[in-house]
């Protein structure tokens, strides 16, 4: 599904922050991406989400060389990827329901075909009573759950999550991990970037450890 | 079949499935209208449309008046008989009038009498002046039958034979000057229109860039959820199209009202020196129905220009955002 070969990344003329990354993410796999702060976890997620282009090396996503993709192809590929960012990126003028339903709306689907699914998911992540609330009045944990719900609602083939349990209590963290595991069981490859050792200890999965720009893989 | 359809609901709540809340619906626009500097842009487009409509209306009035003058002047031909010692001016005038009547294509020949000539010169020389003291030429005005090709050379020859001191003026110099004047007016109008349209495009481009900058987080989120540039541009485009139409209708409508009232205003001022001067230049100051149609079409063109300029800027800005 994803293949990196000798990939390097630098910002501008600065030092190379990711070096010689070579790994593959198979379909239906589950992995944690971890490493100290500043190791380049977010940059690697951005490479995977096509927000950044590698300075060198080859990145293949869903069988396509990303260096050859045009903007329209990138948009099509992103529909197959879900992403949860640390800063949530919810739209403040839309209700929680509308934020979560946004991927379906962009796909041009009729609202009646997904409304029930969105509401079920919101209930499941504990936002059933907050569907009509606007993000500015949600707590950090609620925003995080809404962002996760938006990322998983269209059941992407690849889910990228940057510190998805950073703003929630351990109980809800476990519940969200269960959501990711269920999603993985239904066929989605999952990459969770996290510092949270407790979270990683709860599920036996492959670990990708970034250290000083290099990647170490623990199967 | 989509993945969702293949796998069923992502989360099965079984018997705990909730009743659907009434308000959970997609009601908000993806790009909120309030985030676009709408009022300012509507005002700019309205003002630009109003100015463009005034320019076009004035050009149409001047062109119509100039065309009327031209047709009036072109339908007339004038012969002038200069007095000369030893010749009878009255007899020469009558002979020239007869020669003109005999010419094919000329109808309704009217030689100005001595009294009428005095009347013509009265504004310049005052009343009570006897033309016997002055060598004032006598005019003979003939009306040319419309659609007739007048043989000017033959007419000149006939007139000179009738009176050696007579000459024929077909007003070509006047017509040329009038043509130049109306042409210059139309050119100036087109120039002003071009400037107005360029200013509109620049204003709209700035407004679009501002709106895109203000809504950059929305653009980024739309990219995250897989929206293509065309989809994102359409979210903004709908707003700009409406703003352009709103501005165009307001500006064009006000200009039409202004021209509608201008006839009444011109009537109020008729008889005054200013009113007479305007009447001489612009005729009755009333726009024909085709003129109103032209103004409406122009308002639509400006609205379409607004939409086109915003769309062009949207795609350029989206290219920069990546």
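Residue numbers (our numbering), protein chains in the order written: chain U, 23 to 241; chain Y, 24 to 345. Ideal Cβ placement from N, Cα and C applies to all residues, glycine included. Source: prediction; values computed, not measured.
Checklist entry - Comparing the C-beta of residue 167(U) with each C-beta of chain Y, is any distance below 8 Å? => result Cβ-Cβ to chain Y under 8 Å: no for residue 167(U).
Checklist entry - Any heavy atom of the ligand MN within a distance shorter than 7 Å of the CB on residue 189(Y)? => result No copy of the ligand MN occurs in the structure displayed, which carries no ligand at all.
Next on the checklist: So that I know if they touch, is there some Cβ in chain U lying closer than 8 Å to that of residue 20(Y)?
Outcome noted: Past the boundaries of the shown model lies residue 20(Y); chain Y is included only from 24 to 345, so the question cannot be answered.
Item to check | Buried versus exposed call for residue 122(Y) [16 or more other C-beta atoms within 10 Å across all chains shown] | outcome: Buried, by the Cβ-count rule.
Checklist entry - Which whole-angstrom value is the C-beta distance of residue 229(U) and residue 54(U), which I expect to be below 8 Å? => result About 5 Å separates the two Cβ atoms, so the contact holds.
Next on the checklist: Between residue 68(U) and chain Y, is the shortest Cβ-Cβ distance under 8 Å, so that the two count as touching?
Outcome noted: Residue 68(U) is outside the set of residues whose beta carbon lies under 8 Å from a beta carbon in chain Y.
Item to check | Simplified DSSP state of residue 127(Y), which is helix, strand or coil | outcome: Correct three-state label for residue 127(Y): coil.
Next on the checklist: So residue 7(U) contacts chain Y; which residues on that side make the cut at Cβ distance below 8 Å?
Outcome noted: The shown model of chain U, from 23 to 241, leaves out residue 7(U), and the question about it has no answer.
Checklist entry - Quick one: what does DSSP say residue 171(Y) is sitting in, helix, strand or coil? => result Assigned with DSSP and collapsed to three states, residue 171(Y) falls in coil, not helix or strand.
Item to check | Neighbour list for residue 116(U) in chain A, Cβ cutoff strictly below 7 Å | outcome: Of the chains in the structure shown, none is chain A; the protein chains are U and Y.
Item to check | Range of the contiguous alpha helix (DSSP H) that encloses residue 136(Y) | outcome: Unbroken run through residue 136(Y): none, as it is neither H nor E.
Checklist entry - Checking contacts by CB at 8 Å: is residue 312(Y) closer than that to chain U? => result With a threshold of 8 Å between beta carbons, residue 312(Y) makes no contact with chain U.
Checklist entry - Is the Cβ-Cβ distance between residue 223(Y) and residue 129(Y) less than 8 Å? => result It is not a contact, given that the beta carbons lie outside the stated cut-off.
Item to check | residue 341(Y) versus residue 242(Y): straight-line alpha-carbon distance, rounded | outcome: Near 8 Å, if we compare the C-alpha coordinates of residue 242(Y) and residue 341(Y).
Next on the checklist: Measuring straight from C-alpha to C-alpha, what distance separates residue 27(Y) and residue 46(U)?
Outcome noted: Low confidence applies to residue 27(Y): its pLDDT is 41, below 50, so where it sits in the model is not reliable enough to give any reading.
Checklist entry - Between residue 316(Y) and residue 278(Y), is the Cβ-Cβ spacing less than 8 Å? => result Their beta carbons are not under 8 Å apart, which means residue 316(Y) does not touch residue 278(Y) by this criterion.
Checklist entry - Since residue 254(Y) meets chain U, which of its residues come closer than 7 Å, beta carbon to beta carbon? => result Within chain U, the residues placing a beta-carbon under 7 Å from that of residue 254(Y) are 128, ordered along the chain.
Next on the checklist: Suppose you measure from the CA of residue 115(Y) to the CA of residue 83(Y); what does that come to, to the nearest Å?
Outcome noted: Approximately 44 Å between the Cα atoms of the pair.
Checklist entry - If we count the other Cβ atoms within 10 Å of its Cβ and call it buried at 16 or more, is residue 284(Y) buried or exposed? => result The residue is exposed, with fewer than 16 neighbouring Cβ atoms inside 10 Å.
Checklist entry - Which residues of chain Y have a Cβ atom closer than 9 Å to the Cβ of residue 184(U), listed in chain order? => result Within 9 Å Cβ-Cβ: nothing; residue 184(U) doesn't reach chain Y, min ~12 Å.
Next on the checklist: Buried or exposed, going by whether 16 or more other CB atoms sit within 10 Å of the CB of residue 238(U)?
Outcome noted: Using a 10 angstroms sphere on the CB of residue 238(U), the tally of other CB atoms stays under 16, which defines it as exposed.
Item to check | chain Y contact for residue 101(U) (CB, 8 Å cutoff) | outcome: So, interface residue.
Checklist entry - Hey, residue 17(Y) and residue 132(Y): beta-carbon distance below 8 Å or not? => result Since the first residue of chain Y shown is 24 and the last is 345, residue 17(Y) is not available in this structure.
Checklist entry - Which whole-angstrom value describes the C-beta separation of residue 169(Y) and residue 98(Y), a residue pair presumed to lie in contact below a C-beta threshold of 8 Å? => result Contact holds; Cβ gap of about 6 Å.
Checklist entry - Quick one: is residue 23(U) near chain Y, going by C-beta distance under 8 Å? => result No, residue 23(U) lies away from the interface with chain Y (no Cβ there is under 8 Å from its Cβ).
Item to check | Burial state of residue 332(Y) (16 or more Cβ within 10 Å) | outcome: Buried, since its Cβ has 16 or more Cβ neighbours within 10 Å.
Item to check | residue 286(Y) in three-state terms, based on DSSP | outcome: Three-state DSSP puts residue 286(Y) in a helix.
Checklist entry - Thinking C-alpha only, which one of 327(Y), 104(Y), 157(Y) and 52(Y) is nearest residue 115(U)? => result Residue 52(Y) is the option with its Cα nearest to residue 115(U).
Checklist entry - What residues of chain Y sit near residue 119(U), judged by a beta carbon separation below 7 Å? => result Residues of chain Y passing the Cβ test: 47.
Next on the checklist: Whether or not the region 62 to 75 of chain U and the region 148 to 164 of chain U are in contact is what I'm after, with contact meaning three or more pairs of Cβ atoms, one per stretch, closer than 8 Å; do they touch?
Outcome noted: Counting Cβ pairs under 8 Å, fewer than three are found: no touch.
Item to check | Beta carbon of residue 239(Y) nearer than 8 Å to that of residue 133(U) | outcome: Contact flag unset, no.
Checklist entry - Can you give, in chain order, each stretch of the beta strand (DSSP E) that sits fully within the region 56 to 137 of chain U and has at least 3 residues? => result Secondary structure remark: continuous beta strand (DSSP E) runs of at least 3 residues inside the region 56 to 137 of chain U, in chain order: 78 to 83 and 103 to 106.
Checklist entry - With 8 Å set as the bound, which would you pick, yes or no: does the beta-carbon of residue 245(U) sit closer than that to a beta-carbon of chain Y? => result With chain U represented from 23 up to 241, any question about residue 245(U) goes unanswered, as that position is not in the structure.
Item to check | DSSP three-state assignment for residue 229(U), whether helix, strand or coil | outcome: Strand, per DSSP.
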